[in-house]
Amino acid sequence: MRDSTSATAGDTPGRCRCAELTPSGRGALATIAVWGRGALAAVSPWFRPARGGHLTDVAWGRIVFGRWQTEEGVGEELVVCCRDAESIEVHCHGGLAAPHRIIRSLVSGGCMQVDREAWIQARHADPIRRDAYAALTVAPTQRTAAILLDQYRGALSDAIRQIRQDVLAGRMNAAADRLTILRHRSRFGLHLTTPWHVVLAGKPNSGKSSLVNAILGYQRSIVHDQPGTTRDVLTAATVVDGWPVQLVDTAGIHDTTRDPLEVAGIARTEEQVVSADLVIWVADMTASWAGQAPSHAAADDHDRTLIVHNKSDLATSVPGSRPPGPCTSALTGAAIPDLLAAIGKRLVSAVPPPGSAVPFLPRHVQVLTQVAAMLSDEDPGQSLEILRSLLPEDR
1 MRDSTSATAG DTPGRCRCAE LTPSGRGALA TIAVWGRGAL AAVSPWFRPA RGGHLTDVAW
61 GRIVFGRWQT EEGVGEELVV CCRDAESIEV HCHGGLAAPH RIIRSLVSGG CMQVDREAWI
121 QARHADPIRR DAYAALTVAP TQRTAAILLD QYRGALSDAI RQIRQDVLAG RMNAAADRLT
181 ILRHRSRFGL HLTTPWHVVL AGKPNSGKSS LVNAILGYQR SIVHDQPGTT RDVLTAATVV
241 DGWPVQLVDT AGIHDTTRDP LEVAGIARTE EQVVSADLVI WVADMTASWA GQAPSHAAAD
301 DHDRTLIVHN KSDLATSVPG SRPPGPCTSA LTGAAIPDLL AAIGKRLVSA VPPPGSAVPF
361 LPRHVQVLTQ VAAMLSDEDP GQSLEILRSL LPEDR
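For what it's worth, my numbering labels the leading residue of the sequence shown as 1, then goes sequentially.
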């Protein structure tokens, strides 16, 4: 919900503001922040502590249960925490109705509604910490959140300050080495909020769709013994070894069809294979390996391709020599844990140690790449200027 009193460039500094910090929509709980001059005065008229008295009588830092009495006479049970006179948190039922009623009350009393990005900026002068806080709010897994929390605590900011000190001191080799480490970690860091793109591809009827369903634990893809059942790209979000993954089920690749729909599906498969972070090439163990080798797009990058031999429950023997890879059964679940472990290892071969600096936004990577180029050109002045665009110098 946005109100006509939302923040503009001409707002009075320090004026009382309110923002819904939790994503709008379905949810068990919602959090509304109220901060700035007059925050306590803005909340007090609406909130009645369950034990009586007034919010102004409560010690700072105490969590107080009570009711929010709106202008419409609707009472909402919630808790309030006053960190100080200019910083208050209201925790209420989630969804749309309750947070919106509370914000309307605050706005009617002169508080200005803004978005949560404004709240983040008000709390943190360090732009990288602001980025990390915003990323934490959408972190898809506990494991990615832990790494983003390190960045929020200053790991990346400290690393950039160290690079700046190296440049100022003339230690160009040390600065270049630090940049190399950060840029190497950036490929991993960019996936802390964006899932890895894992594509299952292979010949028709190799069991790709069944394998997708086995990994997910539910039937996302339609399964049929007729080759060519999958005509279009199907996606599903999941987590593998604590990392967010988007699984992609694709049409079987072959060159024996003239069906326009199937031809279009194969073309889309090839596009997905080219853009994938990892290709799981699914082969049928009941058939000879000859003719099942990965397509050119997958075969050209062995580090991005994981070969899986499926239908192990139907194979009485393994026909011919085959490259290494998990021997799975989507029907019985055999070796599915091995497959998941192999996927996790391919996606993240080495996790940075706790507390490590990890760039996690494309903007971070772009700036670090530019700084590395300036150092290569022996232009320390320009390097420092570019670093300031990412992290202004401390005052």
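Ideal Cβ positions, reconstructed from N, Cα and C, are used throughout, including at glycine.
Quiz prompt | Rounded C-alpha distance that separates Ser-186 from Leu-211 | solution = Ser-186 and Leu-211 have their alpha carbons spaced roughly 30 Å apart.
Quiz item: Taking the DSSP output, what are the residues bridged to Ala-283?
Solution: His-309
Quiz item: Would you report the Cα separation of Val-279 and Val-64, rounded to the nearest angstrom?
Solution: 52 Å
Quiz item: Does DSSP classify Glu-378 as helix, strand or coil?
Solution: coil
Quiz item: Which residue from Leu-390, Pro-380, Ala-33 and Val-365 puts its Cα closest to that of Ala-174?
Solution: Pro-380
Quiz item: Taking three-plus beta-carbon pairs below 8 Å as touching, is the stretch 10-30 in contact with the stretch 88-95?
Solution: yes
Practice problem: Inspect the beta-carbon positions of Arg-48 and Cys-16 and report whether they are closer than 7 Å. | Solution: No; because the gap between Cβ atoms is not below 7 Å, this pair is not in contact.
Exercise. Can you have a look at Arg-76 and say buried or exposed, based on whether 16 or more other CB atoms are within 10 angstroms of its CB?
Key: In the sequence under discussion, the amino acid at residue 76 is Glu, which differs from the Arg named in the question. With 16 or more Cβ atoms within 10 Å of its Cβ, Glu-76 is classed as buried.
Quiz item: Does the beta-carbon distance from Gly-202 to Trp-281 come in below 7 Å?
Solution: yes
Quiz item: What's the gap between the Cα of Thr-229 and the Cα of Ala-357?
Solution: With a pLDDT of 44 at Thr-229, under the threshold of 50, the modelled position of this residue cannot be trusted; read the value that follows with caution. So the two alpha carbons sit approximately 46 Å from each other.
Quiz item: Does the count of Cβ pairs from the stretch 236-245 and the stretch 342-359 closer than 8 Å reach three?
Solution: The stretch 236-245 is in contact with the stretch 342-359.
Quiz item: Ser-329 to Gly-252, Cα distance in whole Å?
Solution: 18 Å
Quiz item: Considering Phe-188, what are the terminal residues of the alpha helix (DSSP H) in which it resides?
Solution: 172-189
Quiz item: Is it the case that the Cβ atoms of Glu-89 and Trp-35 are separated by a distance below 7 Å?
Solution: Not a contact, by the Cβ cut-off of 7 Å.
Self-check item: Asp-131 - partner residues in DSSP beta bridges
Solution: Answer is none; Asp-131 lacks a bridge partner.
Quiz item: Between Asp-396 and Thr-137, what straight-line distance do the alpha-carbon atoms span, to the nearest angstrom?
Solution: Lying before the first or after the last residue shown, residue 396 is absent from the chain, which here runs from 1 to 395.
Quiz prompt | Presumed contact (8 Å Cβ cut-off) between Trp-46 and Trp-60, rounded CB distance | solution = In fact, because the Cβ distance is near 19 Å, the residues do not count as touching under 8 Å.
Quiz prompt | Cα-Cα separation between Leu-179 and Ser-206, rounded to whole angstroms | solution = 44 Å
Quiz item: Between which two residues does the beta strand (DSSP E) harbouring His-197 extend?
Solution: 196-202
Quiz item: Terminal residues of the continuous alpha helix (DSSP H) containing Gln-165?
Solution: 155-168
Quiz item: If you drop the 5 nearest sequence neighbours on each side, which residues of the same chain put their C-beta closer than 8 Å to that of Gln-162?
Solution: Arg-178
Quiz item: Helix or strand or just coil, what does DSSP make of Val-223?
Solution: Since pLDDT at Val-223 reaches only 48, below the 50 mark, its modelled position is unreliable, and the value read off the structure follows with that caveat. DSSP places Val-223 in coil when its eight states are reduced to three.
Quiz item: Smallest Cα separation from Ser-44: which of Ser-105, Thr-235, Val-198 and Ala-293?
Solution: Between Ser-44 and the set Ser-105, Thr-235, Val-198 and Ala-293, the nearest pair of CA atoms involves Ser-105.
Quiz item: Roughly how far, in whole angstroms, is the beta-carbon of Pro-127 from the beta-carbon of Leu-391, given that I think they are within contact range, below 8 Å?
Solution: 7 Å
Practice problem: For Ala-276, collect the residues of the same chain with a Cβ closer than 7 Å to its Cβ; drop the 5 residues on either side in sequence, then sort them by chain order. | Solution: His-197, Val-198, Val-199 and Arg-304
Quiz prompt | Reduced DSSP category for Thr-230 - H, G, I as helix; E, B as strand; rest coil | solution = Here Thr-230 scores only 47 on pLDDT, less than 50, and its place in the model should not be relied on; the value that follows carries that caveat. DSSP places Thr-230 in coil when its eight states are reduced to three.
Self-check item: Bridge-paired residues (DSSP) for Gly-75
Solution: Gln-69
Quiz item: What is the rounded straight-line gap between the Cα of Met-112 and the Cα of Gly-52?
Solution: 28 Å
Exercise. Let me know if Asp-115 comes out buried or exposed under the rule of 16 or more other beta-carbons within 10 Å of its beta-carbon.
Key: Result: exposed.
Self-check item: Separation of Ala-342 from Val-223, as counted between CA atoms
Solution: The pLDDT assigned to Val-223 is 48, lower than 50, so where the model puts this residue is not dependable, and the model offers no usable value.
Quiz item: Does the Cβ-Cβ distance between Ser-317 and Met-285 come in under 7 Å?
Solution: no
Exercise. Give a yes or no on whether the C-beta atoms belonging to Ala-283 and Gln-272 are separated by under 7 Å.
Key: no
Quiz item: Mind checking Gln-165: buried by the 16 CB within 10 Å criterion, or exposed?
Solution: Exposed.
Exercise. Under 6 Å Cβ to Cβ from Arg-268, same chain only, skipping five residues before and after it: list those, please.
Key: Val-233
Quiz item: Of all the options Asn-310, Val-371, Leu-314 and Arg-363, which has the alpha carbon lying nearest to the alpha carbon of Pro-323?
Solution: Asn-310
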